[in-house]
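For the sequence shown, my numbering assigns the number 18 to the initial residue and increments by one for each residue that follows.
Working notes for the structure below.
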Amino acid sequence: MHDPDAPLREAFGLILADANSVLYGDLLNYLGNSDAERIPTRCRGDTCSIGFIRYSDPARFSVENLDLTLVGTRPGIRIVREDASFEGADVEVYGGWMEYAFFATQTDLFTNSADPNRGYTRVKAYAVGEASGVNPILPGTSAQWSGVMLGRDLAVGSDRGQVLQGDATIHVEFVPTGMEADVLFSGIAVLGSGAARPDMEWRDMAVEDGGFERHESPSERIRGRFYGPDQQEVGGIFEQGTITGGFGGVRQ
């Protein structure tokens, strides 16, 4: 049987083939207008612990049973929507696929009438790829990666849980103490309605062992890694206020 999504599935498989790194944000669950409940995650290398009993690694990511739609492109990035209805949950993913990594925001709506979580929405954010583990080589004193952020706003309102998209700029430069990264998200808006959100930024983060992070609190943090043999790409996860998601960019 002809599979119109075969080229996209093949592209996803190529990313996973050499993936050695997973970044996973905390799981956030909500019902209607209730406050979001947080399930903490911890990641090291290619494995993440979720809560106390679940684990995630690159092999657990798959698009084989999902409907795929290419909804947009940026230089070096395909923006893909993934949809599926499984027994017990409806899944919606918006992801940015690069050559060496992908990042995404996902919702799972629990639908099983026998499940006490029926009606709850679970929001996830993750980034997976071939992490270099070393800092990027800068041709001068600085370099820049450009791409996209994909997230969801969990603030109570008509847009709750809807996808946000914006521009992502990751700037890296040498400083007297080593190397630092700035991350800026701009032009953020709700897909469909176009409702705008303020810019988001994180500045002066130390770049070490091919990555950077800042963790001020569970709802104020960012973590990123460089991907590809020459650090051609960067990607990661973030949470700021009521917005959580993933981001990625390609070296300019």
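Just so you know, even glycine gets a beta-carbon here, dropped at the ideal spot from N, CA and C.
Keep in mind that this is a model prediction, so the values were computed, not measured.
**Prompt:** What number of angstroms, rounded off, separates the C-alpha of Val267 from the C-alpha of Leu167?
**Reply:** In a straight line, the C-alpha of Val267 is about 15 angstroms away from that of Leu167.
**Request:** With distances taken Cα to Cα, identify the nearest neighbour of Tyr143 among His19, Gly42 and Asp22.
**Result:** Gly42
**Message:** With DSSP as the reference, identify every bridge partner of Asn46, one or two as the case may be.
**Reply:** Glu54 and Arg139
**Prompt:** Per the contact definition of three or more C-beta pairs closer than 8 angstroms, is the segment 56–68 in contact with the segment 32–47?
**Reply:** yes
**Prompt:** Looking at C-alpha atoms only, which residue of Ala53, Asp184 and Leu126 is the closest neighbour of Thr90?
**Reply:** Asp184
**Request:** Decide if Ile254 is buried, meaning its Cβ has at least 16 other Cβ atoms within 10 Å, or exposed.
**Result:** buried
**Prompt:** What does a CB cutoff of less than 7 angstroms around Asp274 pick up in its chain, not counting 5 residues either side in sequence?
**Reply:** Only positions 18 to 269 of the chain appear in the structure, and residue 274 is not among them; the question remains open.
**Request:** Please determine, among Arg214, Lys141, Ala101 and Tyr137, the residue with the shortest C-alpha to C-alpha distance to Asn50.
**Result:** That would be Tyr137, whose Cα lies nearest to the Cα of Asn50.
**Request:** Below 8 angstroms on the Cβ atoms is my guess for Gln182 versus Val165; work out the distance and round it to an integer in Å.
**Result:** 6 angstroms
**Message:** With the cut-off set at 7 angstroms, would you say Arg242 and Gly228 are in Cβ contact?
**Reply:** yes
**Message:** What would DSSP say about Leu85, mapped onto helix, strand or coil?
**Reply:** strand
**Prompt:** Leaving out five residues before and five after Leu201 in sequence, what residues of the same chain have Cβ atoms less than 6 angstroms from its Cβ?
**Reply:** Thr186 and Glu218
**Request:** Note the first and the last residue of the continuous alpha helix (DSSP H) segment covering Ile32.
**Result:** Ala23 to Ala34
**Asked** Quick one: Cα of Val173 to Cα of Ser66, how far?
**Response** 28 angstroms
**Asked** Based on the DSSP output, what are the partners of Met196 in its beta bridges?
**Response** Phe191
**Message:** According to DSSP, simplified to helix, strand and coil, what is Arg77?
**Reply:** helix
**Prompt:** From the DSSP output, which residues share a beta bridge with Tyr244?
**Reply:** Ala148 and Glu250
**Asked** In terms of residue numbering, what span does the beta strand (DSSP E) encompassing Ile260 cover?
**Response** Ile260 to Arg268
**Request:** Rank His232, Glu99 and Arg95 by C-alpha distance to the C-alpha of Asn82 and give the top, closest one.
**Result:** Glu99
**Message:** According to DSSP, is Asp170 part of a helix, a strand, or is it coil?
**Reply:** strand
**Message:** Between Ala118 and Gly252, how many whole angstroms is the CB-CB distance? I'm expecting something under 8 angstroms.
**Reply:** 5 angstroms
**Prompt:** Given Ser236, which residues of its chain have a CB within under 6 angstroms of its CB, disregarding the five upstream and five downstream residues?
**Reply:** Glu256
**Item:** Given Gly262 as reference, the closest of Gln249, Lys141, Pro246 and Glu190 once Cα atoms are compared
**Value:** Lys141
**Message:** According to DSSP, is Gln179 part of a helix, a strand, or is it coil?
**Reply:** Under the three-state reduction of DSSP, Gln179 is assigned to coil, being neither helix nor strand.
**Message:** Let's test the definition: count the other Cβ atoms within 10 Å of the Cβ of Asp170 and tell me whether it reaches 16, buried, or not, exposed.
**Reply:** Flag for Asp170 reads buried.
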